[in-house]
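Enquirer: Structure below; questions to follow.
Residue numbers (the working numbering), protein chains in the order written: chain A, 1 to 293; chain B, 294 to 510; chain C, 511 to 635.
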């Protein structure tokens with residue numbers, strides 16, 4: 001068999017629990033195999049950022065275990081942290097710094113800092129080298145954060161909404177950079193985004209979190225090819241074996257049913273034409289369809 | 294951790310010009326008044342306050358949460374700030390001492406080293422204040438801690454003034470043993486100061502570490 | 511090597527890849543011993559998931575069209591006539607299945623179908 005994955009996991013989240021006043025992350029479990037791109041999707045407030053913060057040890061947890069690159073997330077040795085490139089939502093750099101200042105500082109924080117790589121990305125992203133960050137647009141700040149994350153020999157990229165502020169052309173460029181990053185099978189990416197199209201383009205696996213719980217964490221191909229949408233009358237929809245049904249949307253003219261286990265379903269219900277679906281559609285059905293049921 | 298200190302220093306670069314102007318102006322005034330007594334205090338203080346500015350910068354840019362994703366531990370962040378504070382205070386007091394010596398030399402006063410003691414006592418006082426202040430800043434953030442700062446600065450003054458008044462008006466009688474203690478203490482004042490500083494700073498550092506370890510981002 | 515994938519086709523992408531590579535091997539466009547692009551490189555170029563390309567290569571290997579040497583890559587296997595014949599059979603069955611469905615829908619009998627097939631075969635000779 002052809003080998004392309006090392007079989008190890010870059011990140012393992014087990015029964016992660018975190019309670020806030022008005023929100024709870026409830027026994028979240030999923031794993032990110034090394035050498036893959038994991039798309040982490042969910043609506044705003046679903047728990048993506050909380051999960052990522054827990055993975056990075058930025059918050060304390062109320063239960064569960066997380067391992068990152070083989071170490072417990074609460075105890076990642078300093079040297080390993082240098083292998084993790086992080087992009088958080090928004091810019092976390094002081095406004096009065098310019099690119100040279102940032103290079104100067106990062107050189108003294110990351111033992112593995114690659115100055116040439118950094119400036120190559122800066123040039124590629126057209127970032128002005130004589131202006132302070134104060135004068136950068138939101139998109140430029142994002143690109144800067146990404147440039148930093150890619151300039152210290154990272155093996156694991158964790159990105160929280162890293163592409164949200166960018167226009168489609170730049171997003172495309174960055175997705176290509178991510179695909180290039182993955183060429184090394186010891187490199188892994190965890191990318192959370194609410195721009196589903198980006199995830200659909202490059203993710204190998206997709207984890208969908210909804211109201212603090214994981215709805216699914218599967219490989220993207222299986223997800224798309226094993227789900228489908230059928231259109232039928234409302235009464236027909238009610239007749240279908242519920243084990244196939246993920247969600248139903250009714251309108252005045254009929255019903256749309258999102259089904260899973262497409263092959264088995266097709267064999268059993270030959271009369272229905274199954275339409276191809278997308279991750280976005282699956283998410284919508286799950287978050288809204290179930291409420292209807 | 295050193296990267297963090299550099300980060301703070303670079304952020305403070307913009308103060309150089311403002312400070313230069315201040316130093317020239319005050320220096321000139323001291324020269325004109327032939328009195329260095331106030332510049333020793335002011336210069337040390339100016340450098341000392343810079344530490345709080347770095348906290349502001351960090352808070353505004355939400356740097357800490359980002360820094361913790363780097364090869365930086367929570368201990369590094371706390372340590373970096375304490376070291377920065379000490380560096381700035383030390384630098385400030387040396388700077389003001391040298392400045393004082395120079396001005397004394399220029400104006401031809403008898404004791405050109407008169408400013409040194411004051412500079413370092415000023416430094417010690419600042420460090421003491423920061424010992425109390427830094428854990429509060431660590432816990433509450435710089436914005437909320439400003440109120441504490443105000444209180445911390447005012448309270449000792451108020452107490453000292455109060456005691457002074459009480460003693461002067463005879464309301465309180467200072468027992469002789471106390472006076473004797475103060476006499477002996479005065480001889481060892483520098484040593485005593487150092488010990489007190491080290492103890493306070495250590496306790497402060499330890500408390501700040503505990504606070505920061507529990508912090509959530 | 512030209513591989514075109516369509517996102518809107520009903521056929522899963524890994525199947526589109528295997529079909530096209532198989533056809534290139536059968537037609538001789540890809541010769542035996544030829545080194546195929548790595549799964550990751552192919553994934554990047556086509557902008558699809560590595561899992562998809564891995565599935566495609568696994569299927570090709572299972573069907574005997576390629577073989578993998580660990581550390582070196584995947585190579586086109588020697589043209590195995592049996593495998594090729596099996597592959598063509600699968601394609602023919604698929605077409606015949608569609609023809610049969612169309613015939614039934616139009617009320618065309620099996621005998622008529624056989625006649626048509628005979629004519630086509632004789633024409634092509």
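From the three backbone atoms N, C-alpha and C, an ideal C-beta is built for every residue, glycine too.
Everything numeric in this text was worked out from a predicted model, so none of it was measured.
If we call anything under 9 Å between Cβ atoms a contact, is residue 299/A one with residue 196/A?
Expert: Look at the range of chain A in this structure, 1 to 293, and you will see that residue 299/A is not part of it.
Enquirer: If you draw a straight line from the alpha carbon of residue 105/A to that of residue 178/A, how long is it in whole angstroms?
Expert: Numbered from 1 along the first chain, position 105 holds the residue referred to as residue 105/A. Numbered from 1 along the first chain, position 178 holds the residue referred to as residue 178/A. The alpha-carbon atoms of residue 105/A and residue 178/A are separated by roughly 25 Å.
Enquirer: Do you know whose CA, among 207/A, 225/A, 256/A and 263/A, lies nearest residue 42/A's CA?
Expert: As a first step, residue 42/A is located in the first chain; it is residue number 42 there, counting from the start. Taking only the C-alpha atoms, the option nearest residue 42/A is 207/A.
Enquirer: Would you mind reading off the limits of the alpha helix (DSSP H) that contains residue 501/B?
Expert: Against the second chain, residue 501/B aligns to sequence position 208. Segment 482 to 507, the alpha helix (DSSP H) holding residue 501/B.
Enquirer: In terms of DSSP beta bridges, what is residue 229/A paired with?
Expert: On the first chain, position 229 is the one that residue 229/A refers to. According to DSSP, residue 229/A bridges with 258/A and 275/A.
Enquirer: Applying the criterion that 16 or more other CB atoms from any shown protein chain within 10 Å of the CB defines a buried residue, is residue 295/B buried or exposed?
Expert: Within the second chain, numbered from 1, the residue matching residue 295/B stands at position 2. Residue 295/B is exposed by the Cβ-count criterion.
Enquirer: How about residue 435/B: is its C-beta nearer than 9 Å to some C-beta of chain A?
Expert: Along the second chain, one-based indexing puts residue 435/B at 142. By this cut-off, residue 435/B is not an interface position.
Enquirer: Check the Cβ of residue 203/A against every Cβ in chain C and list those closer than 8 Å, keeping chain order.
Expert: In the first chain, residue 203/A corresponds to position 203, counting from 1. Neighbours of residue 203/A on chain C, chain order: 559.
Enquirer: Are any of the Cβ atoms in chain A nearer than 9 Å to that of residue 551/C?
Expert: The residue labelled residue 551/C in the question sits at position 41 within the third chain. For residue 551/C, the answer is yes, since a Cβ of chain A falls inside 9 Å of its Cβ.
Enquirer: At the level of alpha carbons, what is the spacing between residue 247/A and residue 260/A?
Expert: Against the first chain, residue 247/A aligns to sequence position 247. Against the first chain, residue 260/A aligns to sequence position 260. The straight-line gap from Cα to Cα measures roughly 10 Å.
Enquirer: At least one CB of chain A closer than 9 Å to the CB of residue 307/B: is that the case?
Expert: Counting from 1 along the second chain, the entry for residue 307/B is found at position 14. Answer yes: the Cβ-Cβ gap between residue 307/B and chain A drops below 9 Å somewhere.
Enquirer: Excluding five sequence neighbours on each side, which residues of the same chain lie with their C-beta closer than 6 Å to the C-beta of residue 282/A?
Expert: Within the first chain, the letter at position 282 stands for residue 282/A. Result list for residue 282/A: 227, in chain order.
Enquirer: Look at residue 297/B and residue 341/B and say whether their C-beta atoms are less than 9 Å apart.
Expert: By 1-based counting over the second chain, the position of residue 297/B is 4. By 1-based counting over the second chain, the position of residue 341/B is 48. Taking 9 Å as the Cβ cut-off, residue 297/B and residue 341/B do not qualify as a contacting pair.
Enquirer: Rounding to the nearest angstrom, what Cα-Cα distance links residue 350/B and residue 241/A in this structure?
Expert: Locating residue 350/B in the second chain gives position 57, where the first residue counts as 1. Locating residue 241/A in the first chain gives position 241, where the first residue counts as 1. When rounded, the distance between both Cα atoms is 60 Å.
Enquirer: Can you pull the chain A neighbours of residue 361/B, defined as C-beta to C-beta under 8 Å?
Expert: In the second chain, the residue the question calls residue 361/B occupies position 68. In chain order: 56, 57 and 58.
Enquirer: Going along the chain, which residues of its own chain have a beta-carbon closer than 6 Å to the beta-carbon of residue 526/C, five neighbours each way excluded?
Expert: Position 16 of the third chain, counted from the start, is the residue given in the question as residue 526/C. Closer than 6 Å at the Cβ level, and outside the excluded window around residue 526/C, lie 515.
Enquirer: Straight-line CA distance for residue 202/A to residue 70/A?
Expert: By 1-based counting over the first chain, the position of residue 202/A is 202. By 1-based counting over the first chain, the position of residue 70/A is 70. If I take the Cα positions, the gap works out to 25 Å.
Enquirer: What does residue 562/C touch in chain A if you count any residue whose Cβ is under 7 Å from its own?
Expert: Here residue 562/C corresponds to residue number 52 of the third chain, with the count starting at 1. Ordered by position in chain A, the residues that pass the 7 Å Cβ test against residue 562/C are 221.
Enquirer: Do residue 212/A and residue 23/A come within 9 Å of each other at the CB atom, strictly closer than that value?
Expert: In the first chain, the residue the question calls residue 23/A occupies position 23. In the first chain, the residue the question calls residue 212/A occupies position 212. Result yes, Cβ atoms of residue 23/A and residue 212/A sit closer than 9 Å.
Enquirer: Name the chain A residues that come within less than 9 Å of residue 522/C, Cβ to Cβ?
Expert: Taking the first residue of the third chain as position 1, residue 522/C is located at position 12. Per Cβ cutoff of 9 Å: 221, 224 and 225.
Enquirer: Mind pulling the chain B residues with CB within less than 9 Å of residue 244/A?
Expert: The residue labelled residue 244/A in the question sits at position 244 within the first chain. In chain order: nothing, as chain B lies at least about 42 Å away.
Enquirer: Quick check on residue 216/A - is its C-beta less than 9 Å from some C-beta in chain B?
Expert: Indexing the first chain from 1 puts residue 216/A at position 216. For residue 216/A, the answer is no, since every Cβ of chain B falls outside 9 Å of its Cβ.
Enquirer: Check whether chain A comes within 9 Å of residue 297/B, counting only Cβ atoms and requiring the distance to be less than that.
Expert: Here the question's residue 297/B lines up with position 4 in the second chain. It does; some Cβ of chain A falls within 9 Å.
Enquirer: Answer with yes or no whether the minimum CB distance from residue 106/A to chain B is below 9 Å.
Expert: Locating residue 106/A in the first chain gives position 106, counting from the first residue. Yes, residue 106/A counts as interfacial toward chain B.
Enquirer: With a threshold of 9 Å between beta-carbons, can residue 510/B be considered close to chain A, or not?
Expert: Here residue 510/B refers to the residue found at position 217 when the second chain is read from its first residue. True, the Cβ-Cβ gap to chain A drops below 9 Å.
Enquirer: Residues of chain A with a CB under 9 Å from the CB of residue 355/B: which are they?
Expert: Taking the second chain and counting its residues from 1, one reaches residue 355/B at position 62. By Cβ distance, chain A contributes 88, 90, 91 and 92.
Enquirer: Pull the bridge partners of residue 207/A from the DSSP assignment, please.
Expert: Sequence index remark: in the first chain, residue 207/A carries index 207 (1-based). Answer by DSSP bridge pairing, in chain order: 40/A and 217/A.
Enquirer: Residues in its own chain within less than 7 Å of residue 303/A by CB, not counting five upstream and five downstream?
Expert: Residue numbering for chain A in the displayed model covers 1 to 293; residue 303/A lies beyond these limits and cannot be assessed.
Enquirer: Quick one: does residue 266/A have its CB under 9 Å from some CB of chain C?
Expert: Residue mapping note: residue 266/A aligns to position 266 of the first chain, counting from 1. With 9 Å as the cut-off, residue 266/A does not count as an interface residue toward chain C.
Enquirer: Can you tell me whether residue 360/B is buried or exposed, with buried defined as 16 or more other CB within 10 angstroms of its CB?
Expert: The count along the second chain starts at 1 and reaches residue 360/B at position 67. Answer is buried; the Cβ neighbour count reaches 16.
Enquirer: By Cβ distance, which residues of its chain are closer than 7 Å to residue 9/A, with the 5 residues on each side in sequence left out?
Expert: Start at 1 with the first residue of the first chain, and residue 9/A comes out as number 9. Excluding residues within five positions, the ones whose Cβ falls inside 7 Å are 31, 32, 33 and 34.
Enquirer: Within the continuous beta strand (DSSP E) that includes residue 159/A, where are the two ends?
Expert: Residue 159/A sits at position 159 when you count from the first residue of the first chain. Here the beta strand (DSSP E) through residue 159/A covers 156 to 160.
Enquirer: At the level of alpha carbons, what is the spacing between residue 124/A and residue 118/A?
Expert: Looking up residue 124/A in the first chain gives position 124. Looking up residue 118/A in the first chain gives position 118. Whole-angstrom Cα-Cα distance: 10 Å.
Enquirer: For residue 378/B, count neighbouring Cβ atoms within 10 angstroms of its own Cβ and tell me buried if that reaches 16, exposed if not.
Expert: Indexing the second chain from 1 puts residue 378/B at position 85. Residue 378/B is buried by the Cβ-count criterion.
Enquirer: By how many angstroms is the C-alpha of residue 263/A removed from the C-alpha of residue 519/C?
Expert: On the third chain, position 9 is the one that residue 519/C refers to. On the first chain, position 263 is the one that residue 263/A refers to. The straight-line gap from Cα to Cα measures roughly 17 Å.
Enquirer: Who are the neighbours of residue 182/A on chain C, taking C-beta pairs under 9 Å?
Expert: The count along the first chain starts at 1 and reaches residue 182/A at position 182. 550, 553, 554 and 560, listed in chain order.
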